[in-house]
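Report on the structure given below.
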Amino acid sequence: MIPYGRQDITEADIEAVVAVLKSDFLTQGPVVPRFEQSVAMHVGARHALAVNSATSALHIACLALGLGAGDWLWTTPVTFVASANCGLYCGAQVDFVDIDPETYNLCPKALQARLELAEQQGCLPKVLVAVHLCGQPCDMASIHTLAQRYGFKIIEDASHAIGGKYRGEFIGSGRYSDITVFSFHPVKIITTGEGGMALTNDGELANRMALLRSHGITRDQDLMTHEPDGPWYYQQVDLGFNYRMTELQAALGVSQMERLDQFVSRRHQLARRYDELLTELPVVTPSQHADSYSGLHLYVIRLQLDKIGKSHGEVFEALRELGIGVNLHYIPVHTQPYYQKMGFKVGDYPQAEQYYAEAISLPIFQTMTDMQQDAVFQALKVAIGV
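Residue numbering for the sequence shown follows our numbering, beginning at 19 and increasing consecutively.
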C-alpha cells in the first residue's frame, strides 16, 4: 500500500534522539528551546512555544487571546475538528465560513458578508482560525484587513503549511496574524512524532502561552504574589495544562528542520509531475494562488463525477483495493454529529459540502519515488475507468 503520507527518518534523526536518551534531560532541558529557536528563526517570528500537539497549541492560543464564554470563534468547515474544538474548549461558541471553490480555503468574500451580518446582529467573532488547507495559505491580506475593521484576532492554523510562503514571506512570520500554529504529526512535512508549536511576535502572548502549557506554574518572581520561600519555590498563578514537548521530540524536530526546504521542494516536484500526469483525466487538480508557495502537505484532486461512470465512493474504494492509500481531507466539521447537536445541518455550507462530495487526497510525501507516483496514476486511471 502506498500511503497518502509518510515520515522521513534518517540515521541523523535517530542519532539526535539517541543523544538525548544518553543525556541528563528527557524533558525540560536545552533541546526544546533549541527547536523553538530553529523554527522561529526559519520563519521570521520573534517567539515560538513548542507543545505536545497542534491541538494543544490551538487551545493555548485561544486562551492567550482571551477567548471565553460568550465569545465566538469562526473557522472553515473543511478542516480537522481541532480547528473548531479549540473554541469549545474555552467555553466559546463556534461558527463557520464557507470555502473558496478554487483554493478550498476560507473564502474572504463569504467572510466579509458574514461579518456585515454579524455586526448588525451584535455577534462578531473574537477569534478567526484561518486554516491553510493542504499547505496553501489563505488570502491573509484580505482577512487581516477585515480583522482591522471588525476587531477580531487571527490564528493561522498552519498545521499543513510549515515551509510554505505567502507573498514571499514564510508562513509563521506573523505579518497578518496574532498567532500561527504548526503541527509535527508523522504525516506532516516535518515530524517530532507528535507535537506542535505556537508562534507569535507579541511577547505578552508568548509569556501567556508559556505559562498555560505548563500547569500555570511560574518561577518568575515578577509574576509571584510575594517573595519566594526559597530557591525551590514556584507558584501556580493560573490554571494551565501539561502540554509540554519532550526533549526527545524536540531533538527529532531540530534534525528534521535541517531538511525542511528540501522536503517542500521535493513535494513541489511531485505536485508538478501529478499536474502533468493528470492533465487528460476527468479530475480537477489543485489550484495554487499566485501569492502562495504551498507547503504541499496534501495533493487533493476533485473528481468530475459528471464525466465518470462511478460514484465518489466507488473510485475511492477501487484505489484502496489497488494498493493506493488515498484519504479524504476533510469531512466538513458542521456535518459531524457533535456539531449537528448544536444546530448545524447539511446544506449550511454548500461549497464545503460539494468539495467533500468530490475530493480525494492522493499520496504525496518527500521520499515518494517517480515509480510510486506512476503507480498512483495508473491505479487512478483504472479506478475511474479511463
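For every residue, glycine included, the Cβ atom is placed at its ideal position computed from N, Cα and C.
Using a Cβ-Cβ cutoff of less than 7 Å, which residues in the same chain neighbour G327 once the five nearest sequence positions on both sides are dropped? Numbered from its first residue, the sequence shown carries residue 327 at position 309. In the same chain as G327, and ignoring 5 residues on each side of it, the C-beta atoms closer than 7 Å to its own belong to G403, in chain order.
Sub-8 Å separation of A102 and V112 beta-carbons: Here residue 102 refers to the residue found at position 84 when the sequence shown is read from its first residue. Here residue 112 refers to the residue found at position 94 when the sequence shown is read from its first residue. Contact: yes.
Where the alpha helix (DSSP H) through M263 begins and ends: For the purposes of this step, residue 263 is taken as the residue at position 245 of the sequence shown. Looking at the DSSP string, M263 is not in any alpha helix (DSSP H), and its letter there is neither H nor E.
Mark C156 as exposed unless 16 or more other C-beta atoms lie within 10 angstroms of its C-beta, in which case mark it buried. Your numbering for residue 156 matches position 138 in the sequence shown. In summary, C156 is buried, with 16 or more beta-carbon neighbours lying within 10 Å of its beta-carbon over all protein chains present.
Cβ-Cβ distance between K399 and L314 below 8 Å: The residue labelled residue 399 in the question sits at position 381 within the sequence shown. The residue labelled residue 314 in the question sits at position 296 within the sequence shown. Not closer than 8 Å, so no.
Does the separation of the CB atoms of L229 and G258 fall below 8 Å? Looking up residue 229 in the sequence shown gives position 211. Looking up residue 258 in the sequence shown gives position 240. Yes.
My parser needs the beta strand (DSSP E) runs of 3 or more residues fully inside the segment 180 to 252; what are they? Qualifying beta strand (DSSP E) stretches, in chain order: 197 to 201, 214 to 218.
Given the structure, does P155 come close to the ligand NAP, in the sense that its CB is under 7 Å from one of the ligand's heavy atoms? You won't find the ligand NAP in this model; it holds no ligand whatsoever.
Tell me where the alpha helix (DSSP H) around T73 begins and ends. Working through the sequence shown from its first residue, we reach residue 73 at position 55. Segment 72 to 82, the alpha helix (DSSP H) holding T73.
Would you decide whether V364 is buried or exposed? Buried here means 16 or more other CB atoms lie within 10 Å of its CB. Taking the first residue of the sequence shown as 1, we reach residue 364 at position 346. By the 10 Å Cβ count, V364 comes out exposed.
With distance defined between alpha-carbon atoms, name the residue in T353, W92, T28, G186 nearest to F362. Taking the sequence shown and counting its residues from 1, one reaches residue 362 at position 344. The alpha carbon of F362 has as its nearest neighbour, out of T353, W92, T28, G186, the alpha carbon of T353.
Look at the Cβ atom of L39, then the Cβ atom of T97, and state whether they are nearer than 8 Å. Position 21 of the sequence shown, counted from the first residue, corresponds to residue 39. Position 79 of the sequence shown, counted from the first residue, corresponds to residue 97. Result no, Cβ atoms of L39 and T97 do not sit closer than 8 Å.
Using 8 Å for Cβ pairs, my map puts A37 next to L76. What's the rounded Cβ distance? Here residue 37 refers to the residue found at position 19 of the sequence shown. Here residue 76 refers to the residue found at position 58 of the sequence shown. In fact, because the Cβ distance is near 31 Å, the residues do not count as touching under 8 Å.
Tell me which residues share the same chain as G343 and place their Cβ nearer than 7 Å to its Cβ, disregarding the 5 neighbours each side in the sequence. Reading the sequence shown from its first residue, position 325 is the one you call residue 343. Excluding sequence neighbours, G343 sits near M19, I20, P21, Y22, P381.
Leaving aside the five residues before and after G331 along the sequence, list all residues of the same chain whose C-beta is less than 8 Å from its C-beta, in chain order. Position 313 of the sequence shown, counting from 1, holds the residue named residue 331. Cβ neighbours of G331 beyond the five flanking positions: none.
Between L135, E33, T385, V199, which has its C-alpha nearest V61's C-alpha? Locating residue 61 in the sequence shown gives position 43, where the first residue counts as 1. A check of alpha carbon separations from V61 across L135, E33, T385, V199 identifies V199 as the nearest.
Please report the straight-line C-alpha distance between G86 and A131, rounded to a whole angstrom. Locating residue 86 in the sequence shown gives position 68, counting from the first residue. Locating residue 131 in the sequence shown gives position 113, counting from the first residue. Their backbone Cα atoms lie some 24 Å apart in a straight line.
Please list, in chain order, all residues of the same chain as R18 whose beta carbon is under 8 Å from its beta carbon, the five residues on each side excluded. In the structure as shown, the chain starts at 19 and stops at 404, and residue 18 therefore has no counterpart that could be examined.
Just to confirm, is the Cβ distance from L288 to F395 under 8 Å? For the purposes of this step, residue 288 is taken as the residue at position 270 of the sequence shown. For the purposes of this step, residue 395 is taken as the residue at position 377 of the sequence shown. Result no, Cβ atoms of L288 and F395 do not sit closer than 8 Å.
For I189 versus A216, is the C-beta distance shorter than 8 Å? Counted from its first residue, the sequence shown places residue 189 at position 171. Counted from its first residue, the sequence shown places residue 216 at position 198. With a cutoff of 8 Å on beta-carbon distance, I189 and A216 are scored as not near each other.
Assuming T210 contacts L270 (C-beta within less than 8 Å), just tell me the rounded distance between them. In the sequence shown, residue 210 corresponds to position 192, counting from 1. In the sequence shown, residue 270 corresponds to position 252, counting from 1. Rounded, the Cβ-Cβ distance is 5 Å, consistent with contact.
Going along the chain, which residues of its own chain have a beta-carbon closer than 8 Å to the beta-carbon of A393, five neighbours each way excluded? Stepping through the sequence shown from its first residue, residue 393 is reached at position 375. Excluding positions up to five away in sequence, the list reads I20, G341, I342.
Spatially closest choice to I405 from Y357, Y356, Y317, by CA coordinates: The displayed coordinates of the chain run from 19 to 404. Any statement about residue 405 would go beyond what the structure contains.
Proximal residues to M242 (C-beta, below 6 Å), its chain only, five neighbours per side dropped: Counting from one through the sequence shown, the residue named residue 242 turns up at place 224. Excluding residues within five positions, the ones whose Cβ falls inside 6 Å are Q253.
If we call anything under 8 Å between Cβ atoms a contact, is I78 one with Y311? The sequence position of residue 78 within the sequence shown is 60, counting from 1. The sequence position of residue 311 within the sequence shown is 293, counting from 1. The answer is no: Cβ separation not under 8 Å.
Quick check on this structure: which residue in E212, E33, A176, C108 has the alpha carbon closest to the alpha carbon of K144? The count along the sequence shown starts at 1 and reaches residue 144 at position 126. The shortest C-alpha separation from K144 is found at C108.
Identified DSSP bridge partners for I378: Indexing the sequence shown from 1 puts residue 378 at position 360. The partner list for I378 (beta bridge, DSSP) reads I319.
Whole-number beta carbon distance between Q391 and F281, since they are thought to touch under 8 Å: Taking the first residue of the sequence shown as position 1, residue 281 is located at position 263. Taking the first residue of the sequence shown as position 1, residue 391 is located at position 373. No, F281 and Q391 are not in contact; Cβ-Cβ is about 16 Å, not under 8 Å.
Do you know whose CA, among H233, M263, K206, lies nearest D256's CA? To locate residue 256, count along the sequence shown from 1; it is residue 238. The candidate whose alpha carbon is nearest that of D256 is H233.
Mind checking F170: buried by the 16 CB within 10 Å criterion, or exposed? In the sequence shown, residue 170 corresponds to position 152, counting from 1. Per the 10 Å Cβ criterion, buried.
Cβ-based neighbour list, L337, same chain, cut-off 7 Å, excluding 5 preceding and 5 following: Residue numbering aside, residue 337 sits at position 319 when the sequence shown is read from its first letter. Hits under 7 Å: V344, A397, L398, A401.
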